[in-house]
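Position one of the sequence shown corresponds to residue 2 (the numbering used here), numbered consecutively onward. For glycine and all other residues, C-beta sits at the position ideal for the given N, C-alpha and C. This one's a predicted model, so the numbers in the text were calculated from it and none came from an experiment. Heads up, the thing below is written out as structure tokens.
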Amino acid sequence: MGFLPESPAAACGELWHIHVKGKNGTTGWHQSFGPDTPAQAVAGFLAALISSLSRYCTCI
């Protein structure tokens, strides 16, 4: 996960990036959130992801 307030991606509207990587290092999937997404919503997304990561992601 990264918070990218000064990155080139932020200029395109992507402020938060979440990448899920498999055991072999390949990216299973990724999700980006823009500046209009509250930090609390990103935190809730991460909490739900962490609590049930192996249930829905076959990449790990």
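Distance between residue j and residue i (C-alpha atoms, nearest Å)
{"i": "GLN41", "j": "ASN25", "result": "31 Å"}
{"i": "GLY29", "j": "ILE51", "result": "15 Å"}
{"i": "PHE34", "j": "GLY45", "result": "13 Å"}
{"i": "PRO39", "j": "LYS22", "result": "24 Å"}
{"i": "HIS31", "j": "TRP17", "result": "11 Å"}
{"i": "GLY14", "j": "ASP37", "result": "9 Å"}
{"i": "ALA49", "j": "VAL43", "result": "10 Å"}
{"i": "SER53", "j": "HIS20", "result": "16 Å"}
{"i": "LEU47", "j": "THR27", "result": "20 Å"}
At 4 residues or longer, and completely inside the region 5-52: list those alpha helix (DSSP H) runs for me, N to C. As far as the region 5-52 is concerned, its whole alpha helix (DSSP H) runs of at least 4 residues are 9-12, 40-52.
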